[in-house]
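Asker: Right, I'll just put the structure down here and ask away after.
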Amino acid sequence: MKTWQCTVCKYIHKGDAPPEKCPICGVPASKFIEIDPAEAEALAAKKKRPPAKKAASPDDQAKTETAAPAAPEPAPPKKDRKPYDILTDLMVQHHAHPVSVHFPNGVLPVAVMVFVLAWLFDSTLLSQVGMVNLIFVLLVLPFVLYSGVIEWQKKYMQAMTVIFKIKILAAAITTASCVISLAWVLIEPDVLTRPHAWAFILINVVMIAAAGVAGHIGGKLVFKD
Numbered sequence: 134m135k136t137w138q139c140t141v142c143k144y145i146h147k148g149d150a151p152p153e154k155c156p157i158c159g160v161p162a163s164k165f166i167e168i169d170p171a172e173a174e175a176l177a178a179k180k181k182r183p184p185a186k187k188a189a190s191p192d193d194q195a196k197t198e199t200a201a202p203a204a205p206e207p208a209p210p211k212k213d214r215k216p217y218d219i220l221t222d223l224m225v226q227h228h229a230h231p232v233s234v235h236f237p238n239g240v241l242p243v244a245v246m247v248f249v250l251a252w253l254f255d256s257t258l259l260s261q262v263g264m265v266n267l268i269f270v271l272l273v274l275p276f277v278l279y280s281g282v283i284e285w286q287k288k289y290m291q292a293m294t295v296i297f298k299i300k301i302l303a304a305a306i307t308t309a310s311c312v313i314s315l316a317w318v319l320i321e322p323d324v325l326t327r328p329h330a331w332a333f334i335l336i337n338v339v340m341i342a343a344a345g346v347a348g349h350i351g352g353k354l355v356f357k358d
């Protein structure tokens with residue numbers, strides 16, 4: 134039995150041949166490479182465990198003292214990296230997108246719940262609280278979207294499979310719904326006391342559902358299940 138690895142999401146598959154498409158990110162079989170699990174485990178163990186130092190014998194010490202110092206190997210030329218590339222690489226390395234996405238995803242359910250309570254109890258105060266929550270979400274969303282695009286480009290090689298298309302669409306729906314809801318409540322502060330308040334609530338429900346879909350797909354990509 135062979136071991137295959139997806140070059141996009143690093144999913145590991147064991148079998149005589151790679152799957153027709155990756156069950157995680159959906160790329161075709163051509164994106165899989167065969168790997169040797171024994172060598173991979175040996176390299177990982179070697180990196181974790183420093184090599185033991187062998188005590189030098191008197192003969193070895195004498196050879197070391199009499200041997201001429203070896204000429205240092207020329208260092209490979211360093212590629213000039215732009216500050217932008219360094220910054221984006223650090224963002225991917227330190228998981229800027231998974232970290233930043235927790236902020237709007239934690240606040241959005243609170244905002245929607247507050248709007249529903251304001252609608253049920255005809256509370257202007259709760260409506261204002263929900264509006265403040267949406268303002269915070271909208272301030273954070275640009276960085277969340279930007280870091281997500283950077284991660285998609287660098288970590289997932291801009292793979293345009295169904296799972297990534299759904300995630301991009303869900304993020305766009307979340308952003309559009311947030312903008313519409315905030316603009317609506319700013320233009321019409323008493324919208325939740327009007328007959329068409331149900332439409333405002335529906336937009337918010339769509340917003341939180343789209344955010345949930347995007348988060349679910351992100352979890353599948355991270356945990357490979």
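Heads up: the sequence shown begins at 134 in my numbering, then just goes up one per residue.
Glycine included, every Cβ here is placed at the ideal spot set by N, Cα and C.
Note that this is a predicted model, so its numbers are computed, not measured.
(1) Taking the alpha carbon of aspartate 149 as the point to measure from, which residue in Lys215, Leu271 and Ile168 has its own alpha carbon closest?
(2) Assuming the contact rule is C-beta atoms closer than 8 Å, isoleucine 350 and lysine 300 should be a hit. Round their C-beta distance to whole Å, please.
(3) Where does cysteine 139 sit, in a helix, a strand or coil, going by DSSP?
(4) What does DSSP give as the partner residue(s) for isoleucine 145 in the beta ladder?
(5) Quick one: measure Cβ to Cβ for valine 249 and isoleucine 334, integer angstroms, because I've assumed they're closer than 8 Å.
(6) Taking the CB atoms as reference points, tell me whether serine 233 and phenylalanine 276 lie closer together than 8 Å.
(7) Determine whether the beta carbon atoms of leucine 271 and cysteine 311 lie at a separation below 8 Å.
(8) Hey, could you find the ends of the beta strand (DSSP E) glutamate 153 is sitting in?
(9) Assuming lysine 147 and threonine 140 are in contact, meaning their beta carbons sit under 8 Å apart, how far apart are those beta carbons, in whole angstroms?
(10) Reducing DSSP to helix, strand and coil, say where proline 242 ends up.
Answerer: Put simply:
(1) The sequence position of residue 149 within the sequence shown is 16, counting from 1. When the alpha-carbon of aspartate 149 is set against those of Lys215, Leu271 and Ile168, the nearest one is in Ile168.
(2) Here residue 350 refers to the residue found at position 217 when the sequence shown is read from its first residue. Here residue 300 refers to the residue found at position 167 when the sequence shown is read from its first residue. Right, the Cβ-Cβ distance comes to about 4 Å (below 8 Å), so this counts as a contact.
(3) Position 6 of the sequence shown, counted from the start, is the residue given in the question as residue 139. Cysteine 139: strand per DSSP, three-state reduction.
(4) Counting from 1 along the sequence shown, the entry for residue 145 is found at position 12. According to DSSP, isoleucine 145 bridges with Gln138.
(5) Here the question's residue 249 lines up with position 116 in the sequence shown. Here the question's residue 334 lines up with position 201 in the sequence shown. Rounded, the Cβ-Cβ distance is 6 Å, consistent with contact.
(6) Numbered from 1 along the sequence shown, position 100 holds the residue referred to as residue 233. Numbered from 1 along the sequence shown, position 143 holds the residue referred to as residue 276. Between serine 233 and phenylalanine 276, the C-beta gap is smaller than 8 Å, which places the two residues in contact.
(7) Taking the first residue of the sequence shown as 1, we reach residue 271 at position 138. Taking the first residue of the sequence shown as 1, we reach residue 311 at position 178. Their beta carbons are under 8 Å apart, which means leucine 271 touches cysteine 311 by this criterion.
(8) Indexing the sequence shown from 1 puts residue 153 at position 20. Careful: glutamate 153 lies outside any beta strand (DSSP E) and carries neither H nor E.
(9) Counting from 1 along the sequence shown, the entry for residue 147 is found at position 14. Counting from 1 along the sequence shown, the entry for residue 140 is found at position 7. About 16 Å separates the two Cβ atoms, so there is no contact after all.
(10) Walking along the sequence shown from the start, residue 242 turns up at place 109. In this structure, proline 242 counts as helix in the three-state DSSP scheme.
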